[in-house]
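Student: Throughout, this note's numbering is defined as the position within the sequence shown, counted from one, plus 810.
The structure is given below, and queries will be raised subsequently.
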Amino acid sequence: MIKHVQVETTSVCNAHCVFCPHERLVHVGHMEQTLYEKIVRDAAQYDLETFTPMLTGEPFCDPQILPRLRLAREVLKPETTIRLFTNGSLMSYQDIEEMATIDNLSIIVSLNGACTETRQRMMGLDDFEEVRAKVYYLKDKGIRVETSMVWHPTIPIEECQVFAKFPNPHLIQFQSFAGHTYSYRRNRGTCRRIGSYLTIQRDGTVCLCCFDAFDDVEFGDLKTQTIAEVLESGERQMYVKANEQGKLNELHLCSECTEGDS
């Protein structure tokens, strides 16, 4: 049963990250509000642990992100944590003030470096000190905040040690994005994302997971289907069964992905 829902409210992004295939996306834009509302109300039927309004884009490129966070909080079960991943660049102090009034909200700020030079090189954003200050403002306002950094091969261990002193730091594996950032052949056969995650792109398409940036594997379309119908779709059930049998390394995209549990 699904425990985590990821919804791409926007595929627009202001960063240019070297570890992300976003710049090869052909079509970018925002999710229609009626579709977002349909998805949130459908998702409210499930005992979700997390609801994440983010996929390939930067949430604060979505002009409706704050009202959408509020709607999710009003509709989803109180115990469902709303998790927002952001690079922090476009997040204002006024945004932070408003988010402090939303219950059970968690913000993960992608710094992707422990200094100005590394963030610039990794993301094309020259605002490290400004965003770091916002991290501490989030903390001061009582919002659960974490910081993250993709451990790109060019980042030395010494910088990771500096980053480890930031609020709730998380080093993230440099992912292959199913072969779109670098070539990889999977030996592992299972992944936690197959059974418990539902990933929805801005047009309502349910794709394999957050590493399926180009929608190569489709499980359904929430413009016309319910979440329950998508969960039972033949394509998704094939991946679920392969996961149970430890055979994800034999399936499209999963065979080239670095994510997995075993």
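Think of the CB as a built atom: it goes at the ideal place given N, C-alpha and C, for glycine as much as any other residue.
In this text, all values refer to a predicted model and were calculated from it rather than measured experimentally.
By DSSP's criteria, Y1007 is part of a beta bridge. Which residues make up the other side?
Tutor: H814
Student: How far does the beta strand (DSSP E) with F861 in it extend, from its first residue to its last?
Tutor: T860 to T862
Student: Does the CB of C823 have a neighbour CB from chain B at under 8 angstroms?
Tutor: Of the protein chains in the structure, only one exists, and it is not chain B.
Student: Which of the three DSSP states is assigned to G839 in this structure?
Tutor: coil
Student: Under a Cβ-count criterion, where at least 16 other Cβ atoms within 10 Å of its own Cβ denotes burial, should H990 be classed as buried or exposed?
Tutor: The residue is buried, with at least 16 neighbouring Cβ atoms inside 10 Å.
Student: Considering Cα atoms alone, identify which of I1037, F938 and I875 is closest to R851.
Tutor: I1037
Student: Residue range of the alpha helix (DSSP H) that M901 falls in?
Tutor: Where M901 is concerned, there is no enclosing alpha helix (DSSP H), given that its DSSP letter is neither H nor E.
Student: Taking all protein chains shown into account, do 16 or more other C-beta atoms lie within 10 angstroms of the C-beta of A974, making it buried, or fewer, making it exposed?
Tutor: exposed
Student: For S1065, does the three-state DSSP call read helix, strand or coil?
Tutor: helix
Student: Taking M901 as the reference, which of D937, T1009 and A924 has the closest Cα?
Tutor: D937
Student: Nearest-angstrom Cα distance between S916 and I1004?
Tutor: Rounded to whole angstroms, the separation of the alpha carbons of I1004 and S916 is 23 angstroms.
Student: Cβ-heavy atom distance between V972 and the ligand NAD below 7 angstroms?
Tutor: Among the components modelled here there is no ligand, and therefore nothing to report on the ligand NAD.
Student: Just confirm the distance between the C-beta atoms of G1014 and L1032, as a whole number of angstroms; I'd bet it's less than 8 angstroms.
Tutor: 4 angstroms
Student: Between which two residues does the beta strand (DSSP E) containing E833 stretch?
Tutor: Taken as a continuous stretch (DSSP letters only), E833 belongs to no beta strand (DSSP E), as it is neither H nor E.
Student: What is the rounded straight-line gap between the Cα of H814 and the Cα of I918?
Tutor: 16 angstroms
Student: Note down, in chain order, each residue of its chain lying with its Cβ closer than 7 angstroms to the Cβ of P831, except the 5 sequence neighbours on either side.
Tutor: The beta carbon of P831 is closer than 7 angstroms to those of F987, H990, T991 and A1023 in its chain, skipping five residues each way along the sequence.
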